[in-house]
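Numbering (the working numbering), first residue to last: 337 to 509.
Glycine included, every Cβ here is placed at the ideal spot set by N, Cα and C.
Nothing here was measured: the structure is a model prediction, and the numbers come from that model.
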């Protein structure tokens, strides 16, 4: 029914850089919900590799074939963002057992702040459960020769060149 926010979900993160694990959760979430809003969180206490606009563009390229997926930045609480985009569900990906404890705490906090918004967890696909943005940044720093072929297992093709460009020496640019 039109205006029914119960079929709208948000999937939030820094997406710095976006990974194949992120894309997997987005694709699966897009099948589950009528509307999935990818929320790119802006944390003023962190120094991101990519600007908000760059992250929007990268995620946009990744999901261009998914008509029910939107991308937006936010700099407030996740539950506030969910309300602002008329979503009743927080979609979260869980990679490892250690993620579960942190995610459980976050879900309880979000439920306390917004009891009308539910949290839904998707387990990471096994081939992506080890991928993290931190790991990808470490691989990219190793240099373009090894990193270019290694990165294709971890990030979408559209992310590889912008990622490697961040770590090239000024003389290589």
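Comparing alpha-carbon positions, which option in 413, 485, 424 lies nearest residue 454?
-> Among 413, 485, 424, the Cα nearest to that of residue 454 is on 424.
Looking only at DSSP bridge pairs, what is residue 457 linked to?
-> 428
Of all the options 343, 344, 463, 485, which has the alpha carbon lying nearest to the alpha carbon of residue 430?
-> 463
Identify the continuous beta strand (DSSP E) that holds residue 347 and give its terminal residues.
-> 344-349
Along the chain, where does the alpha helix (DSSP H) that runs through residue 440 open and close?
-> 433-449
Could you give the residue range of the alpha helix (DSSP H) that holds residue 281?
-> Since the first residue shown for the chain is 337 and the last is 509, residue 281 is missing from the structure and cannot be characterised.
Are residue 353 and residue 444 closer than 8 angstroms when you measure CB to CB?
-> no
Every unbroken alpha helix (DSSP H) within the region 396-424, with a cutoff of 4 residues, ordered by chain = 414-420
DSSP-derived helix/strand/coil call for residue 489 = coil
State the Cα-Cα distance for the pair residue 357 and residue 428, rounded to the nearest angstrom.
-> 12 angstroms
Assuming residue 502 and residue 359 make a contact with CB atoms under 8 angstroms, what is their CB distance in whole Å?
-> So it is not a contact: roughly 20 angstroms between Cβ atoms.
Any idea if residue 399 is buried or exposed, counting beta-carbon neighbours within 10 angstroms, 16 or more meaning buried?
-> Buried is the call here.
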